[in-house]
Amino acid sequence: MNIRGLSLIGSKVGAPGGAKFQAFDPAAGKSLDPVFQSASAAELEQAVRLADAAAPAWAKLSGAERNRFLRLVADKLDQHAAELAARAVAETGLALARCTGEIARTSGQLRLYGEAAVRGDWLDARIETALPDRKPLPKPDHRSLLRPIGPVVVFGSSNFPFAYSVAGGDTASAFAAGCPVIVKAHPAHPGAGELVGQLIAEAVRECGLPEGSFSLLFDAGFGAGQALVQHPMVKAVGFTGSLAGGRKLADLAAARPEPIPVYAEMGSINPVFILPGALAERSAAMVDGLHASATLGMGQFCTNPGLIVLQRSPAAEEFVRALAAKLTATPEAAMLTPGIRKNYATGTAARTQQPGVKVIAEAKSTAACGAAPVWFEASAATFLGTPGLSAEIFGPSSLVVWCRDGAEMLEVARHLEGSLTATLQAGAVEAAAQGGLVDVLAAKAGRLVLNGYPTGVEVSHAMVHGGPYPAASDGGRSTSVGTRALNRWVRLVCYQNFPDTLLPAELQNTNPLGLLRLVNGDFTRTGV
Ligand code: NAP
91 MNIRGLSLIG SKVGAPGGAK FQAFDPAAGK SLDPVFQSAS AAELEQAVRL
141 ADAAAPAWAK LSGAERNRFL RLVADKLDQH AAELAARAVA ETGLALARCT
191 GEIARTSGQL RLYGEAAVRG DWLDARIETA LPDRKPLPKP DHRSLLRPIG
241 PVVVFGSSNF PFAYSVAGGD TASAFAAGCP VIVKAHPAHP GAGELVGQLI
291 AEAVRECGLP EGSFSLLFDA GFGAGQALVQ HPMVKAVGFT GSLAGGRKLA
341 DLAAARPEPI PVYAEMGSIN PVFILPGALA ERSAAMVDGL HASATLGMGQ
391 FCTNPGLIVL QRSPAAEEFV RALAAKLTAT PEAAMLTPGI RKNYATGTAA
441 RTQQPGVKVI AEAKSTAACG AAPVWFEASA ATFLGTPGLS AEIFGPSSLV
491 VWCRDGAEML EVARHLEGSL TATLQAGAVE AAAQGGLVDV LAAKAGRLVL
541 NGYPTGVEVS HAMVHGGPYP AASDGGRSTS VGTRALNRWV RLVCYQNFPD
591 TLLPAELQNT NPLGLLRLVN GDFTRTGV
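Now the structure itself:
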């Protein structure tokens with residue numbers, strides 16, 4: 091495959107001529123060929139118009155047809171895995187095994203969402219049959235389900251070149267739900283993005299789908315992304331990235347004449363509460379486990395444990411000393427982009443200056459794009475009184491918060507903002523009697539982890555990857571990972587007094603698709 095550095099506008103390749111940018115190899119510290127050209131305003135308009143024109147056909151595709159397309163994209167990713175991984179390694183500095191594993195996760199995700207499209211249980215089909223003789227008024231026949239929302243715009247993140255990128259979870263779930271997709275490519279890995287985009291475009295052609303099914307736009311700045319969010323034909327947005335970026339796009343969408351939903355999965359500090367019993371039972375194992383979780387991918391994970399909350403005791407102090415020694419000995423690694431490296435340096439330098447905050451571990455970092463762990467500690471009183479300490483520092487930096495006792499731990503938990511995850515490390519007896527900590531944390535996070543670590547997000551039917559603001563922009567009512575992700579790209583429609591012939595197959599009397607439906611209050615697969 092050949093990387094051209096040009097956008098994909100439906101079945102056509104964009105023209106050269108826009109503002110230019112290049113991918114950057116953070117490990118080698120040099121720019122990579124080719125030069126990428128930003129999409130023009132006319133190309134953006136064309137991509138959106140094509141998606142709008144394709145939307146009715148996509149809404150009519152059966153689950154089986156969407157599945158066939160998603161499986162074809164997955165097969166193509168697997169067939170080209172070596173080439174895709176090699177380019178992603180060069181553009182991100184991530185290890186080859188990580189990139190290869192992420193491609194397998196991405197193709198698995200595409201297949202899982204394809205199966206969900208066929209199963210159709212998420213459509214929430216409900217039927218209330220008519221009662222013409224009901225007094226004082228007859229009850230009408232009414233039937234409802236979720237229908238595709240229309241063209242979706244997807245913004246991938248820098249730290250997952252595949253799983254949260256061009257063919258990542260947002261794109262796969264939007265296709266599975268029956269929506270055309272326009273991706274704004276992330277400039278941190280544009281070459282890998284273009285290769286994946288070419289494979290999706292091939293699959294569109296081979297499945298005979300409308301050309302507006304998919305477009306991929308490059309842009310050297312924020313203009314194209316913001317114009318997409320504001321375009322009247324765009325009906326929903328999926329975003330994975332920083333709080334600043336997600337909030338900006340959500341605000342733009344809310345200010346449109348017709349506001350649209352923005353599902354922004356943003357930063358998170360992922361607190362870990364460690365109770366005394368856990369320290370007594372497995373302190374050494376937790377040093378290794380927490381270190382591995384906090385330094386995975388040099389801390390560049392949205393689920394990185396950024397806040398460690400403990401009650402002060404000799405055992406807790408010994409635990410933190412051992413962890414700090416391991417962190418200090420951690421070798422540096424390249425960060426994903428010079429911009430992320432700069433933000434990391436600025437964020438850690440600012441935290442060093444905070445009154446009441448002390449550095450407890452600082453590993454050596456000398457390479458221009460390199461970073462290594464910098465950890466801090468503060469008292470619960472300092473944490474509670476300093477709003478800036480609740481902010482995510484994207485990278486291998488965390489804050490240890492010292493509490494006097496369980497009551498102060500609970501106060502810290504109540505003070506937290508929304509997070510993607512919250513972790514409780516507890517001893518065997520403590521887990522059942524933690525004084526309400528679990529209930530407080532359940533109000534703060536989308537996923538609660540017991541005696542584990544927050545990194546590593548399983549793609550499954552039950553997974554929740556979202557949370558109250560600022561972890562996500564929708565108050566934690568959706569997930570960007572797992573099959574519930576499809577529910578973001580649909581809206582409810584009720585058909586009242588429609589004859590069978592005019593109803594979608596999902597709501598017809600004989601239940602031709604064999605869906606599990608709520609019929610007059612009972613779940614059943616039998617017909618009406
Ligand atoms: P980012 O800088 O926000 O970039 C994400 C995408 O949004 C990029 O395409 C970016 O374009 C665009 N963008 C950012 N600000 C924008 C604005 N004001 N207007 C228009 N477009 C804008 O985030 P990132 O560096 O890729 O990722 C790091 C962050 O993502 C961390 O905070 C991490 O925790 C979070 N993250 C969250 C999850 C999750 O699932 N919740 C997963 C992974 C990462 P440009 O690149 O052109 O700036």
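Numbering follows the working numbering, in which position 136 of the sequence shown is assigned residue number 226; successive positions increment by one, without gaps. For each residue, glycine too, the CB sits at the ideal point set by N, CA and C. Every value quoted in this text rests on a predicted model; they were computed, and no experiment measured them.
Would you mind sorting residue i into buried or exposed? The rule is 16 or more other CB atoms within 10 Å of its CB.
{"i": "Lys150", "result": "exposed"}
{"i": "Glu467", "result": "buried"}
{"i": "Met376", "result": "buried"}
{"i": "Asp309", "result": "buried"}
{"i": "Cys459", "result": "buried"}
{"i": "Leu186", "result": "exposed"}
{"i": "Pro226", "result": "exposed"}
{"i": "Glu548", "result": "exposed"}
{"i": "Asn610", "result": "exposed"}
{"i": "Arg574", "result": "buried"}
{"i": "Gln443", "result": "exposed"}
{"i": "Gly446", "result": "exposed"}
{"i": "Asn601", "result": "buried"}
{"i": "Asn249", "result": "buried"}
{"i": "Cys269", "result": "buried"}
Specify the secondary structure class of residue i as computed by DSSP and reduced to three states.
{"i": "Arg537", "result": "strand"}
{"i": "Lys325", "result": "coil"}
{"i": "Cys189", "result": "helix"}
{"i": "Pro124", "result": "strand"}
{"i": "Ser234", "result": "strand"}
{"i": "Gln586", "result": "strand"}
{"i": "Asp214", "result": "coil"}
{"i": "Pro361", "result": "strand"}
{"i": "Lys416", "result": "helix"}
{"i": "Ala522", "result": "helix"}
{"i": "Gly198", "result": "helix"}
{"i": "Gln598", "result": "coil"}
{"i": "Gln401", "result": "strand"}
{"i": "Arg94", "result": "coil"}
{"i": "Tyr434", "result": "helix"}
{"i": "Ser383", "result": "helix"}
At a cut-off of 8 Å, is residue i close to the ligand NAP when judged by its beta-carbon and the heavy atoms of the ligand?
{"i": "Thr573", "result": "no"}
{"i": "His555", "result": "yes"}
{"i": "Glu482", "result": "yes"}
{"i": "Ala424", "result": "no"}
{"i": "Phe329", "result": "yes"}
{"i": "Ser570", "result": "yes"}
{"i": "Leu140", "result": "no"}
{"i": "Cys392", "result": "yes"}
{"i": "Thr427", "result": "yes"}
{"i": "Lys432", "result": "no"}
{"i": "Leu333", "result": "yes"}
{"i": "Asn249", "result": "yes"}
{"i": "Phe312", "result": "yes"}
{"i": "Ser358", "result": "yes"}
{"i": "Asp564", "result": "no"}
{"i": "Phe245", "result": "yes"}
Does residue i have its Cβ less than 9 Å from a Cβ in chain C?
{"i": "Leu413", "result": "Protein chains in the displayed structure number just one, and chain C is not present."}
By Cβ distance, which residues of its chain are closer than 7 Å to residue i, with the 5 residues on each side in sequence left out?
{"i": "Ala532", "result": "Leu538"}
{"i": "Ala266", "result": "Arg156, Leu160, Tyr203, Gly204, Ala206, Ala207 and Leu576"}
{"i": "Val580", "result": "Leu236, Arg237, Pro238, Ile239 and Ala267"}
{"i": "Val125", "result": "Gly95, Lys110 and Gln112"}
{"i": "Arg346", "result": "Gln320"}
{"i": "Val324", "result": "Val138, Pro241, Val243, Leu318 and Ile350"}
{"i": "His381", "result": "Leu413, Lys416 and Leu417"}
{"i": "Gly565", "result": "Pro558 and Tyr559"}
{"i": "Cys297", "result": "Arg158, Phe159 and Leu162"}
Apart from the five residues on each side of it in sequence, which residues of its chain come closer than 6 Å, Cβ to Cβ, to residue i?
{"i": "Pro544", "result": "Asn360, Thr393, Pro395, Thr511 and Thr513"}
{"i": "Ser247", "result": "Tyr254, Thr330 and Gly331"}
{"i": "Ala497", "result": "none"}
{"i": "Pro300", "result": "Ala144 and Ala147"}
Could you tell me if the beta carbon of residue i falls within a distance shorter than 8 Å of some heavy atom in the ligand ZN?
{"i": "Pro277", "result": "The ligand ZN is absent from the structure shown, which contains only the ligand NAP."}
Within a Cβ cutoff of 8 Å, which residues of the same chain sit near residue i, ignoring the five residues on either side of it in sequence?
{"i": "Ile364", "result": "Met376, Ile398, Val399, Leu400, Ala406, Phe409 and Gln515"}
{"i": "Lys120", "result": "Phe114"}
{"i": "Ala419", "result": "Ala453"}
{"i": "Thr219", "result": "Asp231, Val609, Asn610 and Val618"}
Query raised in the report: Enumerated in chain order, which unbroken segments of the beta strand (DSSP E) with a length of 3 residues or greater are wholly contained in the stretch 129-182?
Result: none
Report task. Would you mind listing the alpha helix (DSSP H) stretches within the stretch 268-318 that are 4+ residues and don't spill past its ends, in chain order? Result -> 280-296
Report task. Within the stretch 473-510, note down every full beta strand (DSSP E) run reaching 3 residues or more, in order along the chain. Result -> 489-493
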